[in-house]
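Using the working numbering, you'd call the opening residue of the sequence shown number 4 and step up by one each time.
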Amino acid sequence: MTDSPTRPEADDLAYLKRLAIAGRGAPAPFLLLIAVFGGAYGFALLAILVACLIDGVPQPGMPVTGPISNFVGMWAIIGSHLCVFAALAWTAWRTIGPNRVRLSRTAFATWSASFIALVMTVIVFPMFTRNEMSNESVHTAHIVPSVVLILWGCAWWITAITSDRRWLVLVGLGSFAAAAALAWVGVGTFDALPIMCASLIGLAFIPAVILMRQARR
């Protein structure tokens with residue numbers, strides 16, 4: 004008897020190893036969306052952080068003031084929205100369009116389920132607090148970023164195990180740690196800004212860029 008895998012096992016191993024790869028060695032479309040999402044909002048928050056340090060860190064409960072902060076705060080976010088919408092449209096076209104790229108079942112299941120969970124989390128929390136007082140609704144909404152980071156960490160954790168990329172385990176653990184850190188400092192505080200900035204760049208932009216570079220080799 005031999006220890007060689009059976010046909011179903013070999014098929015499973017084949018598509019698990021192709022988690023971050025689509026088509027003829029090209030990176031899966033969702034990786035670009037993740038990179039653009041993390042990079043656009045991450046570097047936008049970084050620009051806002053630098054602007055706040057130049058104009059002066061705002062006091063708790065006070066709005067951000069200063070010519071640089073106001074300009075960067077408005078246009079950085081608008082630019083980020085436009086970049087993400089463009090990447091979302093491109094990803095949808097590459098995924099379901101006539102010339103769509105074939106995705107592995109694991110990649111599609113992991114990231115589509117995570118995306119649906121993220122969207123539903125954002126939708127459900129306002130519905131849950133619709134009859135609450137405004138201050139209680141705002142307080143409850145502060146948990147949403149931590150929940151999103153937990154779901155994000157789960158997606159990276161699954162990706163790490165199924166694709167045998169151990170370094171992605173650190174990305175998953177980083178997501179869980181960032182969720183706890185945000186819950187500790189409070190989303191509505193200035194201290195949350197660098198945590199969110201680091202999370203977007205370190206837990207979305209950088210991992211996606213690395214995976215895209217590996218997929219092209």
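Note that CB positions come from ideal geometry on N, CA and C, so glycine has one too.
Specify the secondary structure class of residue i as computed by DSSP and reduced to three states.
{"i": "residue 192", "result": "coil"}
{"i": "residue 58", "result": "helix"}
{"i": "residue 109", "result": "helix"}
{"i": "residue 216", "result": "helix"}
{"i": "residue 124", "result": "helix"}
{"i": "residue 205", "result": "helix"}
{"i": "residue 94", "result": "helix"}
{"i": "residue 211", "result": "helix"}
Tell me which residue opens and which closes the alpha helix (DSSP H) that residue i is part of.
{"i": "residue 165", "result": "147 to 166"}
Drop a sphere of 10 angstroms on the beta-carbon of residue i, count the other beta-carbons inside from all chains shown, and report buried for 16 or more, exposed for fewer.
{"i": "residue 53", "result": "exposed"}
{"i": "residue 165", "result": "buried"}
{"i": "residue 148", "result": "buried"}
{"i": "residue 129", "result": "exposed"}
{"i": "residue 96", "result": "exposed"}
{"i": "residue 162", "result": "buried"}
{"i": "residue 159", "result": "buried"}
{"i": "residue 192", "result": "exposed"}
{"i": "residue 88", "result": "exposed"}
{"i": "residue 198", "result": "buried"}
{"i": "residue 156", "result": "buried"}
{"i": "residue 37", "result": "buried"}
{"i": "residue 126", "result": "exposed"}
{"i": "residue 131", "result": "exposed"}
{"i": "residue 50", "result": "buried"}
{"i": "residue 178", "result": "buried"}
{"i": "residue 34", "result": "buried"}
{"i": "residue 30", "result": "The predicted position of residue 30 is uncertain, since its pLDDT is 49 and thus under 50; a value taken from the coordinates is nonetheless stated next. Result: buried."}
{"i": "residue 114", "result": "buried"}
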